[in-house]
Amino acid sequence: MKADPAVQRRMLDLAEIDGELVRLAHRRRNLPEHTALTAAEAAARQARDALVEVETRTGDLDRDIRRLERDVEAVRARTERDQKILAGAGVGAKQANDLQHELDTLARRQGVLEDEQLEVMEQREALDVNLEHSTRAVAEADAAQAAIVERRDAALRDIDAAEAGRRRAREEVVADLPADLLAEYDRRRARSGVGAALLRERRCGACRLELDRTALSALRAAPPDDVVHCEECGTVLVRTPQSGL
Ligand SMILES: [Zn+2]
0 MKADPAVQRR
10 MLDLAEIDGE
20 LVRLAHRRRN
30 LPEHTALTAA
40 EAAARQARDA
50 LVEVETRTGD
60 LDRDIRRLER
70 DVEAVRARTE
80 RDQKILAGAG
90 VGAKQANDLQ
100 HELDTLARRQ
110 GVLEDEQLEV
120 MEQREALDVN
130 LEHSTRAVAE
140 ADAAQAAIVE
150 RRDAALRDID
160 AAEAGRRRAR
170 EEVVADLPAD
180 LLAEYDRRRA
190 RSGVGAALLR
200 ERRCGACRLE
210 LDRTALSALR
220 AAPPDDVVHC
230 EECGTVLVRT
240 PQSGL
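One point on numbering: in numbering that gives the first Met the number 0, the residue at position 135 of the sequence shown is 134, and numbering is uninterrupted.
Shown next, in the form of structure tokens:
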């Protein structure tokens, strides 16, 4: 294949742009924010789970409180009724005795219920502190996650802008290259990752290997408009005065 040496050198611009596009794609995949976001999402999930647990426990205690209130109310009503009967006229000695016995039982029952009530209320109050703490933890975890998303999106926007610029530059370079040379470049690039490289001081700019004497003399003998390749990696080698030939 033949191509004017100036056109061959233009391929180096293309290779540089493609190298930058590869680096940008690598940066996009390996943004530290990706890992940070995974961790932040896990932390937010954990905080939410903890909050749900506290809320469930709160709901259970609230239910206990309402049940105890109903129980205490029932005991009070019964006590009041018994006392009314006891104070009324026509209560026999045996009935009075039974009523008094029941009133003692009710009083003990009320004491037990009130102790239980006190204990549950204390637990419920302590849980309020947990609830506040867990709610704050969720808000903080969400905020931390949002901050990382914002940083990631800003980094992605930078990369998008850089890529768009490189693509425009690539189009300009591609317009300068004949179709057969571009096809050759693409073929070599698909195979070795680098379409064209500068031969600098007898080294291939793609694989960095130094060419041996036979290869060098072959390159020296090749007309300047011959499109030549690196024997090691297959990339198109562009010869310039710095090639050391
Ligand atoms: Zn090479």
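Beta carbons are placed, not taken as given, at the ideal position from N, Cα and C, and that holds for glycine.
- Run the CB neighbour count on Ser242, radius 10 Å, all protein chains shown included, and call it buried at 16 or more, exposed below. On the sequence shown, residue 242 is found 243 positions in, with the first residue counted as 1. Around the Cβ of Ser242, a 10 Å sphere holds 16 or more other Cβ atoms; the residue is buried.
* Asked: Is it the case that the CB of Glu209 approaches a heavy atom of ligand 1 more closely than 7 Å?
  -> Within the sequence shown, numbered from 1, the residue matching residue 209 stands at position 210. The answer is no for Glu209.
Q) Say the cut is 7 Å; is the CB of Thr234 nearer than that to a heavy atom of ligand 1? A) For the purposes of this step, residue 234 is identified with residue 235 of the sequence shown, where counting begins at 1. Yes, Cβ of Thr234 sits closer than 7 Å to a heavy atom of ligand 1.
> How do the stretch 101–111 and the stretch 46–66 stand: do at least 3 beta-carbon pairs fall below 8 Å, yes or no?
Replying inline: The way I'd put it, the stretch 101–111 doesn't touch the stretch 46–66; fewer than three beta-carbon pairs between them come closer than 8 Å.
* Asked: Rounded to a whole number of angstroms, what is the C-alpha to C-alpha distance between Gly192 and Ile16?
  -> Here residue 192 refers to the residue found at position 193 when the sequence shown is read from its first residue. Here residue 16 refers to the residue found at position 17 when the sequence shown is read from its first residue. For the pair Gly192 and Ile16, the Cα-to-Cα distance works out to about 13 Å.
message = When you measure from the CB of Ala205 to every non-hydrogen atom of ligand 1, does any distance come out below 7 Å?
response = Here residue 205 refers to the residue found at position 206 of the sequence shown. It does: the Cβ of Ala205 is within 7 Å (strictly closer) of some heavy atom of ligand 1.
Quick check: what's the CA-CA separation for Leu67 versus Thr104? To locate residue 67, count along the sequence shown from 1; it is residue 68. To locate residue 104, count along the sequence shown from 1; it is residue 105. Rounded to whole angstroms, the separation of the alpha carbons of Thr104 and Leu67 is 17 Å.
Q | Candidates Pro4, Glu40, Ala24 and Cys206: closest to Asp157 by CA position | A | Here residue 157 refers to the residue found at position 158 of the sequence shown. Of the listed residues, the one whose Cα sits closest to Asp157 is Ala24.
* Beta-carbon contacts of Arg232 that lie in its chain and below 6 Å, excluding the five residues immediately before and after -> Residue mapping note: residue 232 aligns to position 233 of the sequence shown, counting from 1. Going by the sequence as given, residue 232 is Cys instead of Arg. Short of 6 Å from the beta carbon of Cys232, and not among the five residues preceding or following it, lie these beta carbons of its own chain, in chain order: Ser191, Ala205 and Cys206.
| Run through DSSP, which three-state label would Glu200 get? | Here residue 200 refers to the residue found at position 201 of the sequence shown. Collapsing the DSSP output to three states places Glu200 in coil.
Where do the ends of the alpha helix (DSSP H) carrying Val119 lie? Residue numbering aside, residue 119 sits at position 120 when the sequence shown is read from its first letter. Element bounds for Val119: Ala92 to Asp175.
Glu171: CB within 7 Å of a non-hydrogen atom of ligand 1: Against the sequence shown, residue 171 aligns to sequence position 172. No, ligand 1 has no heavy atom inside 7 Å of this Cβ.
| task | Please work out which residues of its chain come closer than 8 Å, Cβ to Cβ, to His33, disregarding the five sequence neighbours upstream and downstream, and give them in chain order. | result | Counted from its first residue, the sequence shown places residue 33 at position 34. Excluding the 5 residues flanking it on each side, His33 has same chain C-beta neighbours closer than 8 Å at Arg151, in chain order.
Check your understanding: In angstroms, rounded to a whole number, what distance separates the CA positions of Leu180 and Glu170?
Key -> As a first step, residue 180 must be located in the sequence shown, where it is residue number 181. As a first step, residue 170 must be located in the sequence shown, where it is residue number 171. Distance between the alpha carbons of Leu180 and Glu170 is about 15 Å.
Open item on the list: Quick check: the stretch 82–94 against the stretch 40–57, are at least 3 beta-carbon pairs closer than 8 Å?
Closed with: No, the stretch 40–57 is not in contact with the stretch 82–94.
* Asked: Out of Arg26, Arg22, Met10 and Ala43, which has the shortest C-alpha to C-alpha gap to Asp141?
  -> By one-based count along the sequence shown, residue 141 stands at place 142. Nearest of Arg26, Arg22, Met10 and Ala43 to Asp141, Cα basis: Ala43.
Endpoints, alpha helix (DSSP H) assigned at Val71: Against the sequence shown, residue 71 aligns to sequence position 72. It spans Pro31 to Ala86 - the alpha helix (DSSP H) in which Val71 sits, taken as one unbroken run.
TODO: Quick one: grab the DSSP three-state call for Leu208.
DONE: Start at 1 with the first residue of the sequence shown, and residue 208 comes out as number 209. In the structure shown, Leu208 sits in coil (DSSP, three-state: anything other than H, G, I, E or B).
Quick one, which of Asn96, Gly194 and Arg135 has its alpha-carbon nearest Asp12's? Translated into positions along the sequence shown, residue 12 becomes position 13. Checking every option, the nearest Cα to that of Asp12 belongs to Gly194.
Need the endpoints of the alpha helix (DSSP H) that Val193 sits in, please. Taking the sequence shown and counting its residues from 1, one reaches residue 193 at position 194. Secondary structure note for Val193: it is in no alpha helix (DSSP H), with a DSSP letter that is neither H nor E.
Q) Can you tell me the Cα-Cα spacing of Ala136 and Glu72, whole angstroms? A) Start at 1 with the first residue of the sequence shown, and residue 136 comes out as number 137. Start at 1 with the first residue of the sequence shown, and residue 72 comes out as number 73. Annotation: Ala136 to Glu72 spans about 39 Å, alpha carbon to alpha carbon.
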